[in-house]
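Be aware that the sequence shown starts at 440, since it is given in our numbering, and climbs by one per residue.
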Amino acid sequence: MGGISIWSLLLIALIVILLFGTGKLKTLGADLGGAIKGFKKAVNDDTAVEKNAADADFTPEQISTKAEETVNSTASQEVKKD
C-alpha cells in the first residue's frame, strides 16, 4: 500500500489555494484557531471548577451552578472583546 507523497500533498495544497484563495484560507485558519483556543479554555475552566468543588466538598447542584456562572462570565468576557 502506497502512502501520500510530498508531491501529492503539494498538488492538493495548490488546488485548495486555487479554489478558496489565500484570504478565505487565512480567515478559516483564524476561526479554527480561535475555536480550538476557546475549547481548551472551557475544558480547563471546567476542570478547575470540578477540582475546587472536590476540595471544598460541594453538592452536585452547587457544582453545576458554579459551572454555569463560569461559562456565562467567560461568554460575557468574549462578547466584550468583540
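We put the beta carbon where it would ideally sit given N, CA and C, even for glycine. Keep in mind that this is a model prediction, so the values were computed, not measured.
Reference residue i; option with closest CA among the options
{"i": "T486", "options": "V455, L471, S503 and K465", "result": "S503"}
CA-to-CA distance, residue j to residue i, given in whole angstroms
{"i": "D470", "j": "Q501", "result": "34 Å"}
{"i": "K479", "j": "V510", "result": "13 Å"}
{"i": "F459", "j": "K476", "result": "24 Å"}
{"i": "G442", "j": "G468", "result": "26 Å"}
{"i": "A452", "j": "G472", "result": "19 Å"}
{"i": "I456", "j": "S512", "result": "39 Å"}
Coarse secondary structure for residue i, derived from DSSP in three states
{"i": "S512", "result": "helix"}
{"i": "G468", "result": "helix"}
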